[in-house]
Amino acid sequence: MSDHVLSKAAIERIKKIHSASALYNEKAGKEHNQRLLELIRHHVEEIKELNDANDRHFLVETGDLAVLCFELMLEHQESIDDIMLKCFDRYDKKLASLLNEEAR
Numbered sequence: 150m151s152d153h154v155l156s157k158a159a160i161e162r163i164k165k166i167h168s169a170s171a172l173y174n175e176k177a178g179k180e181h182n183q184r185l186l187e188l189i190r191h192h193v194e195e196i197k198e199l200n201d202a203n204d205r206h207f208l209v210e211t212g213d214l215a216v217l218c219f220e221l222m223l224e225h226q227e228s229i230d231d232i233m234l235k236c237f238d239r240y241d242k243k244l245a246s247l248l249n250e251e252a253r
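Note that the numbering used here has the sequence shown beginning at 150, numbered continuously upward.
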């Protein structure tokens, strides 16, 4: 796909983060994929708690969650742009379908 969701600079920063976190988890004796999933779960809980408390810091934690999700894509040698563009198409179709059903 030729479209880009994130800039080249952003992708490079995420790749650098991913490399550092993979190295850290390797040195800590943790399987990186599993650790990413644990951190994703933790961030979802933290986002909910902060949002429920009307603490706008939940938005920063949501950004952290996005980085972790991008890392998971890289962990599995997938293009962030390709995955996100596929997801945008899926959401467009699903929401259009749901709205169409609702209009009936």
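We put the CB at the ideal spot given by N, CA and C, even for glycine. Just so you know, these numbers come straight off a predicted model, no measurement behind them.
Candidates the options, of which the one nearest residue i by Cα
| i | options | result |
| --- | --- | --- |
| H171 | Y240, M233, F207, L186 | According to the sequence displayed, residue 171 carries Ala and not His. Of the candidates Y240, M233, F207, L186, the one whose C-alpha sits nearest the C-alpha of A171 is L186. |
| R162 | V216, E250, R239 | V216 |
| H167 | A245, L234, E195, E220 | E220 |
| I160 | E227, E251, L247 | E227 |
| R190 | K157, E251, M233, L214 | L214 |
Residue i versus residue j: straight-line alpha-carbon distance, rounded
| i | j | result |
| --- | --- | --- |
| H225 | N182 | 9 Å |
| D231 | H153 | 8 Å |
| N249 | F237 | 18 Å |
| K235 | L155 | 14 Å |
| D241 | M222 | 21 Å |
| L188 | E210 | 11 Å |
| K165 | I196 | 25 Å |
| C218 | I229 | 9 Å |
| A169 | M233 | 23 Å |
| A252 | Y173 | 51 Å |
Does the region 172-185 touch the region 197-205, meaning 3 or more C-beta pairs lie closer than 8 Å?
no
Pick out the complete alpha helix (DSSP H) segments inside the region 151-212, 4 residues or longer, and give them in chain order.
With a minimum length of 4 residues, the continuous alpha helix (DSSP H) runs that stay inside the region 151-212 are 157-176, 181-201.
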